[in-house]
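For reference, the structure discussed in these notes is given below.
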Amino acid sequence: EDKVVQSPLSLVVHEGDTVTLNCSYEVTNFRSLLWYKQEKKAPTFLFMLTSSGIEKKSGRLSSILDKKELFSILNITATQTGDSAVYLCAVSSDAGNMLTFGGGTRLMVKP
Amino acid sequence: ETGVTQTPRHLVMGMTNKKSLKCEQHLGHNAMYWYKQSAKKPLELMFVYNFKEQTENNSVPSRFSPECPNSSHLFLHLHTLQPEDSALYLCASSQDRVEQYFGPGTRLTVT
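Heads up: the protein sequence lines correspond to chains L and Z, in order.
Under our numbering, read the first sequence as residues 1 to 111, first letter to last.
Under our numbering, read the second sequence as residues 1001 to 1111, first letter to last.
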């Protein structure tokens, strides 16, 4: 059974701090790893990673995948209160369209 | 209208009621999904439809009945639910096997 574990479960930081969120996975026939941000509504797509060692970057957010060690990290630099959300990691396999989600990391950024 | 829409946004129903959740995607995608999100649990995939054909049913109780009349619309028919079915029900769509785009969800409370 595919498994995704995220850590920490929750995190409280102050504006301007840098945070690193972790996602480890076990999946048969891995295809991709995705990061989503969920505020009070629908998860919104951040990144999709398929290759090891290639950093994806969008503004203050960046992510990288290690397919040998089976994990990914999501970095957020110079955090802002608007970054407060639950960050979800999900993996897909070649078996089909399914995504297996981790439990999420709840990030709170204080002013 | 853009993206993925869901109606209603909130629903309160008794255990003997019958109701339906509706999802519509305006992205031209060919796959649609139902997820359940309960408090403190990872997103759980319920059903997957590819080109209107159901390809995944993750051991969901028969009191949940999906319907996909075309590639843009997805329904979840509910009957004789239990209080533990109270959750956020999220619809998503994707084109082939790339990232999924989520709707805003229906917050369901079963009394």
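All C-beta atoms, glycine included, are put in the ideal place defined by N, C-alpha and C.
Report the CB separation of residue i from residue j in whole angstroms; it is logged as a contact under 8 Å.
i         : j         : result
Leu49/L   : Leu33/L   : 5 Å
Gly1003/Z : Leu1021/Z : Wrong, their Cβ atoms sit about 17 Å apart, outside the cutoff.
Thr1109/Z : Tyr1089/Z : Incorrect: roughly 11 Å between the Cβ atoms, too far for contact.
List the DSSP bridge partners of residue i.
i         : result
His1010/Z : Arg1107/Z
Ser63/L   : Lys56/L, Leu74/L
Lys1036/Z : Glu1044/Z, Tyr1089/Z
Tell me which residue opens and which closes the beta strand (DSSP E) that residue i is part of.
i         : result
His1073/Z : 1073–1079
Pro1069/Z : 1064–1070
Val91/L   : 85–93
Met1015/Z : From DSSP, Met1015/Z is part of no beta strand (DSSP E); its letter is neither H nor E.
His1112/Z : Nothing in the structure corresponds to residue 1112/Z, since chain Z is present only between 1001 and 1111.
Glu26/L   : 19–26
Thr100/L  : 99–101
Lys3/L    : 3–7
Return the residue from the list the options that minimises the CA-CA distance to residue i.
i         : options                                    : result
Met1015/Z : Ser1038/Z, Phe1051/Z, His1079/Z            : His1079/Z
Asp83/L   : Asn29/L, Thr44/L, Lys3/L                   : Thr44/L
Arg31/L   : Gly104/L, Lys110/L, Thr79/L, Ser93/L       : Ser93/L
Leu116/L  : Gly59/L, Ser51/L, Arg60/L, Tyr87/L         : Absent from the model: residue 116/L. The displayed extent of chain L is 1 to 111, so no value can be given.
Leu11/L   : Arg60/L, Asp2/L, Phe101/L, Thr81/L         : Thr81/L
Leu8/L    : Thr18/L, Cys23/L, Glu1/L                   : Inspection of the sequence shows that residue 8/L is occupied by Pro rather than by Leu. Of Thr18/L, Cys23/L, Glu1/L, the residue nearest in Cα terms is Cys23/L.
Ser1065/Z : Arg1009/Z, Tyr1033/Z, Pro1104/Z, His1029/Z : Tyr1033/Z
Any beta strand (DSSP E) of 3 or more consecutive residues that is wholly inside the segment 30–57 of chain L:
30–38, 44–49
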